[in-house]
């Protein structure tokens, strides 16, 4: 396997229906327009449901382990597929840290705590992964409309948002917050493009 000489890894995390996939698509479009090869991951939630594994507020240690491991494997595969190019960008639609935030929120939603050994094992799995060159974290806007077909538990959605940003702070992870404001979205795309063009000679 030949890895790209210059590879930029960009991840996004945040609670559901806050524009994560939309942001990654926007970044992908702009990078491709500049001739930068892109590999984008995603659809982890849908794929977990097909296994089938519990998700959302019903996450377990095993379902979380699957999401983390599969997400990491997807990123490795995306990088490998870019092996024929000298430069490239891997866009992780749900950075591996995202799964930990969902897991922690599920524990609080149920008012329970899984064994410390399990929690530490999940944390080690995430920290074993290479860091992202750029990490985005969306912010929940309770006033923003959600598509009707999504029957979300509003309390759990709020818990995921809180645990996302608590986790980022606890782990001291450099990240860029993205709000529901279109200007924030556009700025995030611009920042991603700037980071990639700085790292990847065009």
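Numbering (our numbering), first residue to last: 850 to 1051.
Glycine residues also receive a C-beta, built at the ideal position from the N, C-alpha and C atoms.
This one's a predicted model, so the numbers in the text were calculated from it and none came from an experiment.
Residue ranges of each alpha helix (DSSP H) run of no fewer than 4 residues wholly in the segment 918 to 960, ordered along the chain?
-> 945 to 959
Those residues which DSSP pairs with residue 859 across a bridge | The residue given as residue 859 occupies position 10 in the chain shown. Beta-bridge pairing links residue 859 to 940 and 983.
Segment limits, beta strand (DSSP E) that includes residue 1028 = For the purposes of this step, residue 1028 is taken as the residue at position 179 of the chain shown. Careful: residue 1028 lies outside any beta strand (DSSP E) and carries neither H nor E.
Of the residues 865, 889 and 1047, the one placed nearest residue 1009, counting alpha carbons only | Translated into the one-based positions of the chain shown, residue 1009 becomes position 160. Considering only alpha carbons, the answer is 865.
Might you give, ordered along the chain, the residues of its own chain that have their beta carbon closer than 7 Å to the beta carbon of residue 917, omitting 5 neighbours on each side?
-> In the chain shown, the residue the question calls residue 917 occupies position 68. Cβ neighbours of residue 917 beyond the five flanking positions: 945, 948, 971, 974 and 975.
Does the distance from the C-beta atom of residue 937 to that of residue 883 stay below 8 Å?
-> Here residue 937 corresponds to residue number 88 of the chain shown, with the count starting at 1. Here residue 883 corresponds to residue number 34 of the chain shown, with the count starting at 1. Against a cut-off of 8 Å, the Cβ pair of residue 883 and residue 937 comes out as no contact.
Where DSSP assigns a beta bridge to residue 887, which residues make up the other side?
-> Indexing the chain shown from 1 puts residue 887 at position 38. Residue 887 is bridged to 938.
Straight-line Cα distance separating residue 965 from residue 939 | Position 90 of the chain shown holds residue 939. Position 116 of the chain shown holds residue 965. Distance between the alpha carbons of residue 939 and residue 965 is about 32 Å.
Neighbourhood of residue 870 by C-beta, 8 Å cutoff - its chain only, sequence neighbours within 5 removed | Counting from one through the chain shown, the residue named residue 870 turns up at place 21. Result list for residue 870: 891 and 942, in chain order.
DSSP state of residue 1039, grouped into three classes?
-> Here residue 1039 is taken as the residue at index 190 of the chain shown, counted from 1. Looking at residue 1039 - three-state DSSP - the assignment turns out to be helix.
Rank 1024, 1048 and 1002 by C-alpha distance to the C-alpha of residue 904 and give the top, closest one.
-> Locating residue 904 in the chain shown gives position 55, counting from the first residue. When C-alpha distances from residue 904 are compared across 1024, 1048 and 1002, the shortest belongs to 1002.
Reference residue 1006, options 1017, 992 and 1019, closest by Cα | What you label residue 1006 is simply residue 157 of the chain shown in a count that begins at 1. That would be 992, whose Cα lies nearest to the Cα of residue 1006.
Segment limits, alpha helix (DSSP H) that includes residue 972 = For this step, residue 972 is matched to residue 123 along the chain shown. Where residue 972 is concerned, the enclosing alpha helix (DSSP H) stretches over 965 to 976.
Per-residue DSSP class, three states only, for residue 993 = Position 144 of the chain shown, counted from the first residue, corresponds to residue 993. The answer is coil: DSSP assigns residue 993 none of H, G, I, E or B.
With distances taken Cα to Cα, identify the nearest neighbour of residue 874 among 1047, 902 and 1039.
-> Start at 1 with the first residue of the chain shown, and residue 874 comes out as number 25. Selected option, being the one with the closest Cα: 1039.
So, are the CB atoms of residue 876 and residue 1047 less than 8 Å apart?
-> Taking the first residue of the chain shown as position 1, residue 876 is located at position 27. Taking the first residue of the chain shown as position 1, residue 1047 is located at position 198. The answer is no: Cβ separation not under 8 Å.
Note down the Cα distance separating residue 867 from residue 919, rounded to an integer number of angstroms.
-> In the chain shown, residue 867 corresponds to position 18, counting from 1. In the chain shown, residue 919 corresponds to position 70, counting from 1. C-alpha separation (whole angstroms): 22 Å.
Could you tell me the distance, in whole angstroms, from the CA atom of residue 980 to the CA atom of residue 929?
-> Within the chain shown, the letter at position 131 stands for residue 980. Within the chain shown, the letter at position 80 stands for residue 929. Spanning the two alpha carbons is a distance of roughly 17 Å.
Taking Cβ to Cβ, would you say residue 983 is nearer than 8 Å to residue 1022?
-> Residue 983 sits at position 134 when you count from the first residue of the chain shown. Residue 1022 sits at position 173 when you count from the first residue of the chain shown. It is not a contact, given that the beta carbons lie outside the stated cut-off.
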